[in-house]
Amino acid sequence: MHITPEELEREFSLTTAATRLDFLSRRDSGATTLNTVASDDPDDWSSFRDAETTLDVPESLELLALGEVIARKAHDSQLVGFRAALRGGATWEQIAAALDVPPAEAWAAYHGLIERQERSRTLDPAAAASARDLAGSRPN
């Protein structure tokens, strides 16, 4: 089995991916010496006693891929948040404050999300046009 974000994205919801990521993260103390490859005798079970992590290679790769899955899902949900805020009457200054960026950068990010979802065909052209209209003019 290849562990990729695409495989895990199909398998896990955002909540499940975050829970699994948290579980795997807690199992690895992070206290091991950096850049050290374990080279213990695979038949010597006593080596587990001294290990600082209980993650095997597939679980470590899963941990990496889950982080990417969560980042992608969170990034994709931003468009929903933008549109909800704009429909509710939020200003670009308020949206920018929520993102901790300048208003023009928030506006550009919103348009970037529209373009990304339009390219991936998640958003049809009519919905993309509607989303662009909702944005109004670029703030100064």
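Be aware that the sequence shown starts at 776, since it is given in our numbering, and climbs by one per residue.
Built from N, CA and C at the ideal position, the CB exists for glycine as well.
For the pair residue 844 and residue 799, the CB atoms are not nearer than the 8 Å cut-off.
Taking the CA atoms as reference points, residue 903 sits about 14 Å from residue 884. Apart from the 5 residues on each side of it in sequence, residue 802 sits with its Cβ closer than 8 Å to the Cβ of 828, 829, 830 and 834 in its chain, given in chain order. A direct Cα-to-Cα measurement between residue 892 and residue 898 gives close to 5 Å. Shown here, residue 908 sits in a helix according to DSSP, grouped into three states. Put simply, the backbone Cα of residue 790 is about 13 Å away from that of residue 847. Its chain contains 858, 861 and 862 as the residues whose beta carbon lies nearer than 8 Å to that of residue 909, once the 5 sequence neighbours on both sides are disregarded; these appear in chain order.
In the structure shown, residue 803 falls within a strand segment according to DSSP collapsed to helix, strand and coil. About 27 Å separates the beta carbon of residue 889 from that of residue 840, a gap too long to meet the 8 Å contact definition. Within the same chain, no residue comes within 7 Å of residue 794 by CB-CB distance, once the 5 residues on both sides are set aside.
Cβ neighbours of residue 836 within its own chain (closer than 7 Å, five residues either side excluded): 778.
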